[in-house]
Every structure is written in C-alpha cells, then in structure tokens.
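Written out below as structure tokens is the structure these notes cover.
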Amino acid sequence: MIEIKQVSKLYEGKEAISNVTLSIEKGSIFGLLGSNGAGKTTLLKMLSGNLIQDSGEVLIDLSPVFENREVKNRCFFLPDTPYFLANYTIWQMAVFYSCVYSKWNEERFFQLQETFSIPLQYKIHKLSKGMQRQVAFWLALSTMPEVLILDEPFDGLDPVMRKNVRQLLVQDVEDRNMTILISSHNLREIEDLADHVGILHKGELIIQKDLADLKADVHKVQIAFKHKIPHGIYRGIQILDKQRQGSVIVCIVKGKETSIKAHFNQFQPDIFDMLPLTLEEIFIYEMGDIGYAIQNNLA
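So for the sequence shown, this note's numbering puts the first residue at 1464; every next one is plus one.
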C-alpha cells in the first residue's frame, strides 16, 4: 500500500506540494491528474525516492521510500523522458538492470521481446522517441516491480503499441497484484486504465475518488421546454456549466443523479435526458469550478 501523509515540498520558496495526503491500495491503478505546474511530477519523484519531502511521510508498505534501497528495489519509476546509459544497446541495458534489480526476470524479458520486437543489439540512443519508450516499458516490466510509477508514459507510442502496453499493464495488475500510479495529460488513457483518480491543483489534492464515484457525482443534463423556461429552475442545484442551443439547454450539474432528476422533473420539461460525461469533461468542469482557466492551461 502507498501512503502519502501530509507531505509538502518547497521550490525556491514556493510550495510545489502542499499538505498532500493520499492512499493507494495494493493492486489498484491510480490516475493522477492536474493542471500544468500542479506538482504531479514532484509528487511522483518523492514517491519513487528520487526527491525527499520537506515535511510529512512517503511510505510503501509502511516503510519510508527515500534512501531505502529495499523499498526502491521493488519499485520502478518511468519518467516522461526515459534515461538510458550512453551508447548502450538494449541488451547491455538489460544486463545493467539485472545487476540493479534483484527481481529482474530474464525469462520475462525475452517473452516481452515478442511484443516489442526490437533487435537487442540496437543502440538505444539511435532509436526514435517511440521506440525508446517501448524499450523503457520493456525494461521496466522485466524488473517485475510491485509498484510502477509512470509519468506521461504513452507519449510517442503509436495506437497499436499503446493498446499492447495497456494490456501488459492490466495483465500485471491482475496476475501479480502490481500497483500503478500514472500521471498523464491524456485523460482518455487514464480513463481506460485507472480505477481511482486524484486531481492536483497548485500543489493541493482537491479530489481523490473512485473513478466510478467521480462520474456519479457530475452529470450532463439536456432539457427543453415548449414555452418559457420556468422561474427558479436553476435554484437549489450546483450548476458547473450552462449552455443554450436553440430551445435546448445543456447543463453540467454536480450532485446525485436521483436528486438532479427529482429537481428537473418538478418543472415538467418536454425533453429531459441525462447524458454520460467523459473523464476529460469532468476534469474540465471540476477545475473550472475552482476558477482555473482551463482553456489556457490544459495540454
């Protein structure tokens, strides 16, 4: 289990992470979302033991992570720009990792070669960005990590390889109870993988929820009236966004589905539909609710 307890981190006098508390169950996939500069990468670096917090605790299975070789040996951090030793071939890098990670599995490494299909003698620095990303996943999964920490992991992968990698990740969670923490601006990727999500904003964790629960709390409502819009229709509910398209009104409403239905039905609309929202839409409206200029900052 991953536990982050009241963690804060300062950079040049500015609080990059502010009193964050977060728990991630073993065998789950947690998606970390946030605006640019929200502190996502800083939090991942602290969790991987590459950066020490100024206050609070970062624990994996009740043990501190920073400068703890035993804990770090069970984790793998794949940053947004993977690092490889200069001029190393794929095989040389594999040999290096086999000396660093005690759970390195050579049989798994050769099994994964069927998926990634890049000759072992190729020098990694000469490969394309997408192929380097494939090598990074190949090596990471061969270390048999208990905790896999991913920062913008799918950048550079083509659609077929993205699908293959997602399948490998899900399979490892199912087979080995591996825990994944993934940060990405591609919210569709997060939605396809994660069962829990957290949203960081200006270093603070503003939301931490089961993905299904998060989706159950925000709804898109489509209503229409033949005549005048009834007085008071927007009172007593939390409207995150409202647009009119001819005679049809589309509202984004925060709250429980039953309460929202009961509220609008009392006004007897001629059209009333509740439509599904994507994770990306929920993120945009949740961030807009706290005053974030999403159109200027979401990558």
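C-beta atoms are modelled at their ideal positions from N, C-alpha and C, and glycine is treated no differently.
Let me confirm a value: residue i is counted as buried when at least 16 other C-beta atoms fall within 10 Å, else exposed. Which label applies?
i	result
F1573	exposed
Y1606	The sequence shown places Thr at residue 1606, rather than the Tyr named in the question. Burial call: buried.
H1690	exposed
C1714	buried
A1479	buried
I1465	buried
T1721	exposed
D1676	exposed
S1526	exposed
T1642	buried
Among the options, which residue has its Cα nearest to the Cα of residue i?
i	options	result
L1473	K1678, E1667 and V1563	E1667
D1680	G1500, L1548 and E1749	E1749
T1552	E1570, Q1630, K1566 and H1588	H1588
I1712	I1670, V1684, L1738 and Q1701	V1684
D1635	I1492, N1482 and L1485	I1492
A1496	D1517, H1648 and C1714	Sequence check: residue 1496 is Leu here, not Ala. When only C-alpha atoms are compared, the closest one is H1648.
V1609	W1601, L1631, Q1708 and R1639	It is Glu, not Val, that sits at residue 1609 in the sequence shown. Looking at the Cα atoms, R1639 is the closest of the given residues.
I1723	L1485, Q1701 and R1651	Q1701
I1653	I1670, P1616, L1514 and V1623	P1616
Q1731	G1619, P1739 and H1694	H1694
R1596	P1582, M1624 and I1670	M1624
S1565	L1541, E1533 and T1578	E1533
Using the three-state DSSP reduction, which class does residue i fall into: helix, strand or coil?
i	result
A1603	helix
D1673	strand
K1528	The displayed chain sequence assigns Val, not Lys, to residue 1528. V1528: coil per DSSP, three-state reduction.
T1578	helix
R1698	coil
L1611	strand
A1762	Residue confidence for A1762 is low, a pLDDT of 34 falling below 50, so the modelled location carries little weight; the figure read from the coordinates is stated next. Reduced to three states, the DSSP call for A1762 is coil.
I1765	Given a span of 1464 to 1762 for the chain in the structure shown, any question on residue 1765 remains unanswerable.
I1515	coil
I1745	helix
E1570	helix
I1692	coil
A1549	coil
G1661	strand
K1489	coil
D1618	coil
D1680	helix
M1750	helix
Got a sec, what are the start and stop residues for the alpha helix (DSSP H) residue i sits in?
i	result
V1534	R1532 to K1535
Q1584	No alpha helix (DSSP H) holds Q1584; DSSP gives it neither H nor E.
A1725	E1720 to N1728
S1561	I1553 to V1563
L1632	P1622 to R1639
T1504	K1503 to L1510
L1656	L1650 to L1656
How far does the beta strand (DSSP E) with residue i in it extend, from its first residue to its last?
i	result
E1475	Element bounds for E1475: n/a, residue is neither H nor E.
L1496	I1492 to G1497
I1715	V1711 to K1717
L1644	T1642 to S1646
L1541	C1538 to L1541
Any beta carbon from chain B within less than 7 Å of residue i's own beta carbon?
i	result
E1609	Structure shown: chain B not included; a single protein chain is present.
Taking 6 Å as the cut-off, is the CB of residue i close to at least one heavy atom of the ligand HEM?
i	result
Q1555	With respect to small molecules bound, the structure shown includes none, and the ligand HEM cannot be examined in it.
Original post:
If we count Cβ pairs, one from each stretch, closer than 8 Å, do we get three or more for the segment 1499-1510 versus the segment 1686-1700?
Top reply: no
Original post:
Hey, is the segment 1520-1529 in contact with the segment 1543-1562, meaning 3+ C-beta pairs nearer than 8 Å?
Top reply: no
Original post:
Do the segment 1622-1637 and the segment 1469-1484 make contact, defined as three or more Cβ pairs closer than 8 Å?
Top reply: no
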